[in-house]
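Heads up: the structure comes next, in structure tokens.
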Amino acid sequence: VYVYFSGHGAPDTETGDAYLVPYDANPAYIKTGGLPLADLQRTLGALKGQQVYLFLDACFSGQGDRSVLAQGTRPLVPVKALGVPTGLVTLAASAATETTGTHAGSGHGLFTYHLLAGLGGAADANGDHDVSLAELRDHLVEAVRVEARRQNRDQTPSVAVPPGVDVQAPVVQGLSQ
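Each residue of the sequence shown is one higher than the one before, counting from 25 in this note's numbering.
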């Protein structure tokens, strides 16, 4: 199961908990208009018998292209104290204290651009026509870091893998040449 979100992130003004902010939501009323990240992760982590991947191209620092803060809020750690739900692999666009950027020319975030490239085969480091979680992770971290540095900033995707998940297992199989 693959779940993907690209958009804004914001903290709750009272608790600092991470919320995903839909297009029409007002960050000042995040509890009624946003989706608590912890709830999404808990729900996805409860799916049994399936490997679940959550891809987040959102910034929670309050400073990047994909972050919004209501007046009086503070930046937060996007997956702080949430733990890693069993069976849920979370790949996020940046470390907690970093901002996310946009890929010039594509209209995508840097993370999304390189995620799509990686799933399409750019991450297939060993040439076996499969992309493992380890290959995707390594591709995302390197490609996003390099491009962010070209933009004179830091952005390092974060990856949370629960115990027992085989990082060598394919995320994508049977890519054509």
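Backbone N, C-alpha and C fix where the C-beta goes; we use that ideal spot for every residue, glycine too.
All figures in this text were calculated on a predicted structure; none of them were measured in a lab.
In three-state terms, what does DSSP make of V92? With a pLDDT of only 48 at V92, under the threshold of 50, the placement of this residue in the model should not be trusted; the figure read from the coordinates follows. Coil.
For the putative contact between L157 and A193, defined by C-beta atoms under 8 Å, what is the C-beta separation to the nearest angstrom? 6 Å
By Cβ distance below 8 Å, which residues in the same chain neighbour T126 in space, the five residues on each side in sequence not counted? D89, H132, G133, L134
Which first and last residues belong to the alpha helix (DSSP H) in which D81 is found? Element bounds for D81: not the alpha helix (DSSP H) but the beta strand (DSSP E), 76-81.
Compare the C-alpha of V25 against each of K72, A34, L61, G31 and name the closest. K72
Under 9 Å between C-beta atoms of D190 and T124: no
Reduced DSSP category for H127 - H, G, I as helix; E, B as strand; rest coil: coil
Assign P51 to one of three DSSP states: helix, strand, or coil. The answer is helix: DSSP assigns P51 an H, G or I state.
I think A49 touches G58, with their Cβ atoms under 8 Å apart; what is that distance to the nearest whole Å? 5 Å
Just to confirm the assignment, what range does the alpha helix (DSSP H) spanning H163 have? Its alpha helix (DSSP H) spans residues 157-174.
Using a 10 Å radius around the Cβ and a threshold of 16 neighbouring Cβ atoms, would you call E38 buried or exposed? E38 is exposed by the Cβ-count criterion.
Where F29 and Q175 are concerned, what is the direct C-alpha to C-alpha distance, given to the nearest angstrom? Roughly 23 Å separates the two Cα atoms.
Does DSSP put L139 in a helix, a strand or coil? helix
Within 10 Å of its beta-carbon, does P46 have 16 or more other beta-carbons around it, so buried, or fewer, so exposed? It is exposed - the Cβ of P46 has fewer than 16 other Cβ atoms within 10 Å.
Using only the alpha-carbon positions, how far apart do Q95 and E171 sit? Below a pLDDT of 50, predicted positions are generally treated as unreliable, and Q95, at 43, falls in that range; the measurement from the model is reported next regardless. Taking the straight line from one Cα to the other gives about 31 Å.
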